[in-house]
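Colleague: Protein chains in written order, with the numbering used here: chain A, 1 to 483; chain B, 1001 to 1483.
There are 2 protein chains.
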Amino acid sequence: MEDKWSRWGLDLHLRPGAGRGLRAGLEHALRDAVRSGRLPPGTRLPSSRTLAHDLGISRGTVTQALDQLVAEGYLESKSRSGIRVAPRPAAPPTETTQPSPVTLPPVRGIDLRSGFPDLAAFPRREWLAATRHILQTAPNTALGYPDRTGTIELRQALAEYLGRVRGVITTPAHIVICAGYAHALRLVCQVLHHHIACAGMFAFEDPTEPDYPRLVEQMGHRARRIAVDRDGLIVEALTNETAVVVTPAHQYPLGVTLSSARRVELVSWARRADGFIVEDDYDGEFRYDRQPVGALQGMAPDRVIYVGTTSKTIAPGLRLAWLVLPSSLMIPLREATRWDESYVNVIDQLVLARLIQTGELDRHVRRCRTRYRRRRDLLGKAVTRQLPHGRLFGIAAGLHAVLRLPADADLEVPLLGYLAERGILVEGISSFYHRPEESPLALVIGYATPADHAYSSALSALINALRERMPGDNAAGCGRWES
Amino acid sequence: MEDKWSRWGLDLHLRPGAGRGLRAGLEHALRDAVRSGRLPPGTRLPSSRTLAHDLGISRGTVTQALDQLVAEGYLESKSRSGIRVAPRPAAPPTETTQPSPVTLPPVRGIDLRSGFPDLAAFPRREWLAATRHILQTAPNTALGYPDRTGTIELRQALAEYLGRVRGVITTPAHIVICAGYAHALRLVCQVLHHHIACAGMFAFEDPTEPDYPRLVEQMGHRARRIAVDRDGLIVEALTNETAVVVTPAHQYPLGVTLSSARRVELVSWARRADGFIVEDDYDGEFRYDRQPVGALQGMAPDRVIYVGTTSKTIAPGLRLAWLVLPSSLMIPLREATRWDESYVNVIDQLVLARLIQTGELDRHVRRCRTRYRRRRDLLGKAVTRQLPHGRLFGIAAGLHAVLRLPADADLEVPLLGYLAERGILVEGISSFYHRPEESPLALVIGYATPADHAYSSALSALINALRERMPGDNAAGCGRWES
Chain A
1 MEDKWSRWGL DLHLRPGAGR GLRAGLEHAL RDAVRSGRLP PGTRLPSSRT LAHDLGISRG
61 TVTQALDQLV AEGYLESKSR SGIRVAPRPA APPTETTQPS PVTLPPVRGI DLRSGFPDLA
121 AFPRREWLAA TRHILQTAPN TALGYPDRTG TIELRQALAE YLGRVRGVIT TPAHIVICAG
181 YAHALRLVCQ VLHHHIACAG MFAFEDPTEP DYPRLVEQMG HRARRIAVDR DGLIVEALTN
241 ETAVVVTPAH QYPLGVTLSS ARRVELVSWA RRADGFIVED DYDGEFRYDR QPVGALQGMA
301 PDRVIYVGTT SKTIAPGLRL AWLVLPSSLM IPLREATRWD ESYVNVIDQL VLARLIQTGE
361 LDRHVRRCRT RYRRRRDLLG KAVTRQLPHG RLFGIAAGLH AVLRLPADAD LEVPLLGYLA
421 ERGILVEGIS SFYHRPEESP LALVIGYATP ADHAYSSALS ALINALRERM PGDNAAGCGR
481 WES
Chain B
1001 MEDKWSRWGL DLHLRPGAGR GLRAGLEHAL RDAVRSGRLP PGTRLPSSRT LAHDLGISRG
1061 TVTQALDQLV AEGYLESKSR SGIRVAPRPA APPTETTQPS PVTLPPVRGI DLRSGFPDLA
1121 AFPRREWLAA TRHILQTAPN TALGYPDRTG TIELRQALAE YLGRVRGVIT TPAHIVICAG
1181 YAHALRLVCQ VLHHHIACAG MFAFEDPTEP DYPRLVEQMG HRARRIAVDR DGLIVEALTN
1241 ETAVVVTPAH QYPLGVTLSS ARRVELVSWA RRADGFIVED DYDGEFRYDR QPVGALQGMA
1301 PDRVIYVGTT SKTIAPGLRL AWLVLPSSLM IPLREATRWD ESYVNVIDQL VLARLIQTGE
1361 LDRHVRRCRT RYRRRRDLLG KAVTRQLPHG RLFGIAAGLH AVLRLPADAD LEVPLLGYLA
1421 ERGILVEGIS SFYHRPEESP LALVIGYATP ADHAYSSALS ALINALRERM PGDNAAGCGR
1481 WES
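1) Below 8 Å CB to CB, which residues in the same chain sit around residue 1358 (chain B) once its five sequence neighbours on both sides are set aside?
2) Would you say residue 1048 (chain B) reaches chain D, if we count a Cβ-Cβ gap shorter than 7 Å as a contact?
3) Just list the beta strand (DSSP E) runs in the segment 437-474 of chain A, keeping only unbroken ones of 3 residues or longer that don't cross its boundaries, in chain order.
4) Can you check which of these residues, B:1277, B:1078, B:1331, B:1139, is closest to residue 1195 (chain B) by C-alpha distance?
5) Name the DSSP beta bridge partners of residue 380 (chain A), please?
6) At a cut-off of 6 Å, is residue 180 (chain A) close to the ligand FMN when judged by its beta-carbon and the heavy atoms of the ligand?
7) Please tell me whether residue 1465 (chain B) has its Cβ less than 7 Å away from any Cβ of chain A.
8) Beta carbon of residue 391 (chain A), beta carbon of residue 404 (chain A): below 7 Å?
9) Using a Cβ-Cβ cut-off of 7 Å, state whether residue 453 (chain A) counts as contacting chain B.
10) Where do the N-terminal and C-terminal ends of the alpha helix (DSSP H) with residue 1189 (chain B) fall, by residue?
11) Report all residues from its chain with a CB closer than 6 Å to the CB of residue 146 (chain A); omit the five preceding and five following residues, and keep chain order.
12) Secondary structure at residue 433 (chain A), three-state DSSP: helix, strand or coil?
13) Cβ closer than 7 Å: which chain A residues qualify as neighbours of residue 1127 (chain B)?
14) Any idea if residue 115 (chain A) is buried or exposed, counting beta-carbon neighbours within 10 angstroms, 16 or more meaning buried?
15) Look up residue 175 (chain A) in the DSSP assignment and give the residues it is bridged to.
16) Tell me, please, whether the segment 227-242 of chain A touches the segment 261-272 of chain A by the rule of three or more beta-carbon pairs shorter than 8 Å.
17) Taking DSSP's pairing of strands, which residues face residue 1110 (chain B) in a bridge?
18) Hey, could you find the ends of the beta strand (DSSP E) residue 1283 (chain B) is sitting in?
19) On the criterion of 16 or more Cβ atoms from any shown chain inside 10 Å, does residue 1326 (chain B) qualify as buried, or is it exposed?
20) Mapping DSSP to helix, strand and coil, what is residue 309 (chain A)?
21) I want to see whether chain A comes within less than 7 Å of residue 1299 (chain B), judged by CB atoms only; does it?
22) Taking 7 Å as the CB-CB limit, is residue 1144 (chain B) close to chain A?
23) My understanding is that residue 308 (chain A) touches residue 289 (chain A), with C-beta atoms under 8 Å, so please give their C-beta distance in whole angstroms.
24) Please check if any C-beta of chain A sits within less than 7 Å of the C-beta of residue 1124 (chain B).
25) At 4 residues or longer, what runs of the alpha helix (DSSP H) sit wholly inside the segment 254-281 of chain A?
26) Near residue 318 (chain A), which residues of its chain fall below 6 Å by C-beta distance, leaving aside the five closest residues on each side in sequence?
27) Based on the DSSP secondary-structure assignment, which residues constitute the bridge partners of residue 402 (chain A)?
28) Any beta-carbon of chain B closer than 7 Å to the one on residue 316 (chain A)?
29) Sort out for me which residues DSSP pairs residue 202 (chain A) with in a bridge.
30) Report the three-state DSSP secondary structure of residue 54 (chain A) (helix, strand or coil).
31) Among the candidates A:124, A:443, A:132, whose CA atom is the shortest distance from the CA of residue 1142 (chain B)?
32) Using a Cβ-Cβ distance under 7 Å, would residue 1260 (chain B) count as near chain A?
33) For a cutoff of 7 Å on Cβ pairs, would you count residue 319 (chain A) as touching chain B?
34) Note down, in chain order, each residue of its chain lying with its Cβ closer than 7 Å to the Cβ of residue 1168 (chain B), except the 5 sequence neighbours on either side.
35) In terms of alpha-carbon separation, which member of A:340, A:355, A:461 lies closest to residue 1184 (chain B)?
36) What first and last residue would you give for the alpha helix (DSSP H) that runs through residue 341 (chain A)?
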């Protein structure tokens, strides 16, 4: 039978079965023959009667298959001349280009990069229980298009949570649920574009995560950097920017907390310059020496755009974040999102609302805080005892610390290479600086990522490698950071 | 005790308990007093010893509370002059503006608007089971930042599914997971902007969902409309557009299928004009008279940007969609999303991949297809028997049909008002046209939305209201659609 098929240029991948399977097999073979050029454009097909007889299948099956291919544009049916292969205007280029992957594959070895919580602590049981509750109780109407700003349930839960835990002063109507921090930042760019009716200037801290100024530039605004010292952003360097993006609770990556004097200065700047403060409160829940410092937003709800996320408290994979906007930006928000839809799954929004309402999120954060504090203490002890010439910064809060090393910045590349050879992945601080060449030699150590059982050995591996590479007698002091 | 507190301007909302509760109460009261102005800037606070004695609480508690407020910037501590209320540069405007809601509240009554599947059919049990499976089996590393184009598991599952069900020819590397159709369309705008290095011209069908041309214009491109006849888009009206957005399987909202000749013409146009076809395959799984017409993408994977979504097959609330891109657009995609993160929850991606792999999605679609076909048949019978002068279009596929009525378009507004008074929500077709005043009189009837048990009565209510309002003897024929 395959001979007969191949006579018509048909390469039957699927062994024909019966009924629908046979028809599908014929369609597949026909489509393939047309696409591959084995049946060139203009080829006249035999009548369905002939084809059915020749292939030994029913005429109805053949007719159905041909009708389908006509409807799809592979064949054309003209009343008098029967069925032909439709013209193919130009041969489609073969799709052989294998695009290279867009992001890097996951790393094997000891991962001490910053920006990740302990993924082993993900509250799987609680997330599943809340999902079950939502799927058993949510009305059908909840599964339609959600409000563009997010479900009212999650915005209500967040207004209460952020007020209680972070001192944020807001209402559910001022909250917008976003699909992660990058989405939130894009939305801020759009909202401010509508607010000032032109492109603006964004100030970022220096050092900072370099992707964010670039994202803002891609959105059509300009971006500049403002230096950070041990009190946080040097506010007096601001002029008449549209917005300044800051990490007041735990500067990323330096780890300093924005001082109270600078907080007042910053709000003062915003009022004077008619600018906005974008408060990136990425790890504000984690403070170890006392209860968390309240959000800057609480001091000036009219001037601060607050951004929070579950990426550090639960997991980045959830892609959940929120904006808290001043009242004056609600109309620009509506303009910016007028033709949009919500970007966040309703079920996930309701699940997070439930975890907040039932206190599960608080319990989870508390468990993580205890765990991270223990890890931070181990890191502190190890450095004090085994790297007497290194100094740790930013250990009061968050999921990472900065280890300043007694040498010059041009050692960073060989040092990171040396560590990588030993399977230790850690970032140098220079890539966070606008001028990497002026950066000090320091490592940004994310201590939350390794699994609990692997943390001690990860820490030992890092410290031992640094001791080998950075003997104490080479110590050159900590340079300008000492001042 | 409240007397003593109020002496310091403190209005104690929280009754002080013991330990941490007491400290939190004092902090709350102090913050409130500073914010409200009861403790004006510059006010010197008594020493912690005095305050502790006066309030009858331990000095340690007072010190902790004051430290916290200093850290938050409400108070300032200067070595010699003790603790003062920090300067408040300008009184923050009171946040009393209650922003009006961004979207309309859900409708009560009989909802026959198009664009929704039957939400009562949401596969709650299957979604929960897949979530359980994923939460029990996914490795911790899966919960980190996903690839910007989506998880490989979902892209693999979709490449197989789309090939099998829709005739799409692609690889997982050409698929991008998006947070709904609007996100996908924004991404297309960005990708094509990078590809042609300037703003472009997008053609849309007329009629079409009007938000999408507006979104494209907001993204900096221009947009025009091209008329649709009973064979679909009138391809010869295209010139040198950057892209044309089409709904080949079931034109939205007219419901016609793009004919095979037009498919060939359209691909030919794209090759000649170096343009792209954006195939919005929003309801391609639902075809009632035969198996679904394969996607246009299968004819020209190098020229078609394919967009699919779960909004019609499962529920819009999931906010899940996907792009299938030609190879030539993979580098522009990488440029456009270089500073971005994925916008879609990893768990949801893995759940959908699982539903595809286990065949649950196929079973669900099959169940829905049977259900919708029954509803479509009921609609068809009702119109034939009870509205002999009305005519139904677009009933071969999808979740909606167009009912052409024998009267002029200027009757649309009073007719919709008449229906709304009877609690029947349905759309007129005019709002989908670029020039609403030239539109025919027709209703776009979404027949998937009402619950199964409510469908017959919803249909009767609609038909009866139309019979009252549109007596047969007023019939004016169906005008230009007859031609």
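Note that beta-carbon positions come from the ideal geometry of N, C-alpha and C, so glycine has one too.
Modeller: A quick look at the data gives this:
1) The residue given as residue 1358 (chain B) occupies position 358 in the second sequence. The residues are 1130.
2) As a matter of chain content, chain D is missing from the structure shown, whose protein chains are A and B.
3) 442-446
4) In the second sequence, residue 1195 (chain B) corresponds to position 195, counting from 1. Residue 1195 (chain B) has its Cα closest to that of B:1331, out of B:1277, B:1078, B:1331, B:1139.
5) The residue labelled residue 380 (chain A) in the question sits at position 380 within the first sequence. According to DSSP, residue 380 (chain A) shares a beta bridge with no other residue.
6) The model on display carries no ligand, and the ligand FMN is accordingly not part of it.
7) Walking along the second sequence from the start, residue 1465 (chain B) turns up at place 465. Not closer than 7 Å to any Cβ of chain A, the Cβ of residue 1465 (chain B) fails to qualify, so no.
8) Taking the first residue of the first sequence as position 1, residue 391 (chain A) is located at position 391. Taking the first residue of the first sequence as position 1, residue 404 (chain A) is located at position 404. Cβ atoms of residue 391 (chain A) and residue 404 (chain A): closer than 7 Å.
9) The residue you call residue 453 (chain A) lines up with position 453 of the first sequence. Judged by the 7 Å Cβ criterion, residue 453 (chain A) is not in contact with chain B.
10) Here residue 1189 (chain B) is taken as the residue at index 189 of the second sequence, counted from 1. It spans 1181-1196 - the alpha helix (DSSP H) in which residue 1189 (chain B) sits, taken as one unbroken run.
11) As a working note, residue 146 (chain A) is residue 146 in the first sequence. Excluding residues within five positions, the ones whose Cβ falls inside 6 Å are 342, 346.
12) Locating residue 433 (chain A) in the first sequence gives position 433, where the first residue counts as 1. Of the three classes helix, strand and coil, the one that applies to residue 433 (chain A) here is coil, per DSSP.
13) Position 127 of the second sequence, counted from the start, is the residue given in the question as residue 1127 (chain B). Result: 135.
14) Walking along the first sequence from the start, residue 115 (chain A) turns up at place 115. With 16 or more other Cβ atoms within 10 Å, it is buried.
15) Translated into the one-based positions of the first sequence, residue 175 (chain A) becomes position 175. Per DSSP, A:324.
16) yes
17) One-based indexing of the second sequence puts residue 1110 (chain B) at position 110. Note: residue 1110 (chain B) sits in a beta bridge opposite B:1424.
18) Locating residue 1283 (chain B) in the second sequence gives position 283, counting from the first residue. From DSSP, residue 1283 (chain B) is part of no beta strand (DSSP E); its letter is neither H nor E.
19) Counted from its first residue, the second sequence places residue 1326 (chain B) at position 326. Buried is the call here.
20) On the first sequence, residue 309 (chain A) is found 309 positions in, with the first residue counted as 1. Strand.
21) Working through the second sequence from its first residue, we reach residue 1299 (chain B) at position 299. With 7 Å as the cut-off, residue 1299 (chain B) counts as an interface residue toward chain A.
22) By one-based count along the second sequence, residue 1144 (chain B) stands at place 144. Closer than 7 Å to some Cβ of chain A, the Cβ of residue 1144 (chain B) qualifies, so yes.
23) Translated into positions along the first sequence, residue 308 (chain A) becomes position 308. Translated into positions along the first sequence, residue 289 (chain A) becomes position 289. Not really, about 22 Å apart at Cβ, beyond 8 Å.
24) Numbered from 1 along the second sequence, position 124 holds the residue referred to as residue 1124 (chain B). Taking Cβ atoms only, chain A reaches closer than 7 Å to residue 1124 (chain B), which makes this a yes.
25) 260-273
26) In the first sequence, the residue the question calls residue 318 (chain A) occupies position 318. The residues are 310.
27) Looking up residue 402 (chain A) in the first sequence gives position 402. Looking at the DSSP assignment, residue 402 (chain A) forms a beta bridge with A:393, A:444.
28) The sequence position of residue 316 (chain A) within the first sequence is 316, counting from 1. Judged by the 7 Å Cβ criterion, residue 316 (chain A) is in contact with chain B.
29) As a first step, residue 202 (chain A) is located in the first sequence; it is residue number 202 there, counting from the start. Residue 202 (chain A) is bridged by DSSP to A:223, A:243.
30) Locating residue 54 (chain A) in the first sequence gives position 54, counting from the first residue. Under the three-state reduction of DSSP, residue 54 (chain A) is assigned to helix.
31) Sequence index remark: in the second sequence, residue 1142 (chain B) carries index 142 (1-based). Ranking the options by Cα distance to residue 1142 (chain B), first place goes to A:124.
32) Translated into positions along the second sequence, residue 1260 (chain B) becomes position 260. Yes, because at least one Cβ of chain A sits closer than 7 Å to the Cβ of residue 1260 (chain B).
33) Your numbering for residue 319 (chain A) matches position 319 in the first sequence. By this cut-off, residue 319 (chain A) is an interface position.
34) Here residue 1168 (chain B) corresponds to residue number 168 of the second sequence, with the count starting at 1. The answer, listed in chain order, is 1162, 1295, 1297, 1298, 1306, 1324.
35) As a first step, residue 1184 (chain B) must be located in the second sequence, where it is residue number 184. When only C-alpha atoms are compared, the closest one is A:340.
36) Here residue 341 (chain A) refers to the residue found at position 341 when the first sequence is read from its first residue. Segment: none, residue 341 (chain A) is in no alpha helix (DSSP H) and carries neither H nor E.
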